[in-house]
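Q: Using the numbering used here, the first residue of the sequence shown is number 65, and each one after it goes up by one. For each residue, glycine too, the CB sits at the ideal point set by N, CA and C.
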Amino acid sequence: YNTAPFLANKKSIQQGYVTSEPFAVQKEGGFVPNQFLLADYGWDTYSTTIEVMQDTIDKKPEVVQCFVDGSAKGWYKYLYGDNKAANDMIKKDNPDMSDEQIAFSIEQMKKFGLADSGDTEKLGIGAMTDARIKSFYDKMVKAKVTPAGIDIKKAYTLTFINKGVGLELKK
65 YNTAPFLANK KSIQQGYVTS EPFAVQKEGG FVPNQFLLAD YGWDTYSTTI EVMQDTIDKK
125 PEVVQCFVDG SAKGWYKYLY GDNKAANDMI KKDNPDMSDE QIAFSIEQMK KFGLADSGDT
185 EKLGIGAMTD ARIKSFYDKM VKAKVTPAGI DIKKAYTLTF INKGVGLELK K
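#1: Between the C-alpha atoms of Gly190 and Leu233, what's the straight-line distance to the nearest angstrom?
#2: Under a three-way DSSP split, which group does Thr120 fall into?
#3: Given Met161, which residues of its chain have a CB within under 6 Å of its CB, disregarding the five upstream and five downstream residues?
#4: Which of helix, strand or coil does DSSP assign to Asp194?
#5: Would you identify the three-state DSSP class for Pro125, choosing helix, strand or coil?
#6: What does a CB cutoff of less than 7 Å around Val132 pick up in its chain, not counting 5 residues either side in sequence?
#7: Does the Cβ of Tyr140 have 16 or more other Cβ atoms within 10 Å, making it buried, or fewer, making it exposed?
#8: Going along the chain, which residues of its own chain have a beta-carbon closer than 6 Å to the beta-carbon of Ser199, five neighbours each way excluded?
#9: From Asn158 to Lys148, what does the alpha carbon distance come to, in whole angstroms?
#10: Quick check: what's the CA-CA separation for Asp146 versus Ser84?
#11: Does the region 66 to 80 come within contact of the region 90 to 97, defined as at least 3 CB pairs closer than 8 Å?
#12: I'd like the span of the alpha helix (DSSP H) that includes Gln79, first residue to last.
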């Protein structure tokens, strides 16, 4: 997002990512902006999920499990371990990314529990629950975005998650 309009009018608001725009505002504007996470106001949906075709789940569940487990372990290693190699790859693909920006982003992810908080503390990164998925569905029905009566359990599975994979890597 472009922070210029926000910086030009201190009474304005701007949507952004807590890991990115506040850093830009601090660097370019010289102040720490107020930040309000939608999650703090009841928006409890998952921001990132892994989508897999049912045929792949049926025919290659071990591949799905390996990918899910590897993703969880990768996040633990990145957040709590030596992430230098990963950061070097990030900077190679995005030369505008600085060590300072990356460090800020990781700090924000930890501070706000973006990848590791709530259910993940016991179930592991990538945790999902039926209750939280239903909460999102109920909000969408109430907002008339989707019809009532859908069997939402046909749209997802918890089979490959909630196993605590990678918890031992958290330091």
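A: This is what the structure gives:
#1: Looking up residue 190 in the sequence shown gives position 126. Looking up residue 233 in the sequence shown gives position 169. Straight-line Cα distance between these residues: approximately 14 Å.
#2: Indexing the sequence shown from 1 puts residue 120 at position 56. Three-state result, Thr120: helix.
#3: The residue you call residue 161 lines up with position 97 of the sequence shown. Cβ within range, chain order: Ile154, Lys155.
#4: As a working mapping, residue 194 is identified with position 130 in the sequence shown. DSSP places Asp194 in helix when its eight states are reduced to three.
#5: Within the sequence shown, residue 125 is the residue found at index 61, counting from 1. Pro125: helix per DSSP, three-state reduction.
#6: Along the sequence shown, one-based indexing puts residue 132 at 68. Answer for Val132: Ile114, Gly190, Phe224, Ile225, listed in chain order.
#7: As a working note, residue 140 is residue 76 in the sequence shown. Buried, because 16 or more other Cβ atoms sit within 10 Å of the Cβ of Tyr140.
#8: Taking the sequence shown and counting its residues from 1, the one referred to as residue 199 is at position 135. Within the same chain, Ser199 has close Cβ partners Asp108.
#9: Within the sequence shown, numbered from 1, the residue matching residue 158 stands at position 94. Within the sequence shown, numbered from 1, the residue matching residue 148 stands at position 84. Taking the straight line from one Cα to the other gives about 15 Å.
#10: For the purposes of this step, residue 146 is identified with residue 82 of the sequence shown, where counting begins at 1. For the purposes of this step, residue 84 is identified with residue 20 of the sequence shown, where counting begins at 1. Straight-line Cα distance between these residues: approximately 21 Å.
#11: yes
#12: Within the sequence shown, numbered from 1, the residue matching residue 79 stands at position 15. Careful: Gln79 lies outside any alpha helix (DSSP H) and carries neither H nor E.
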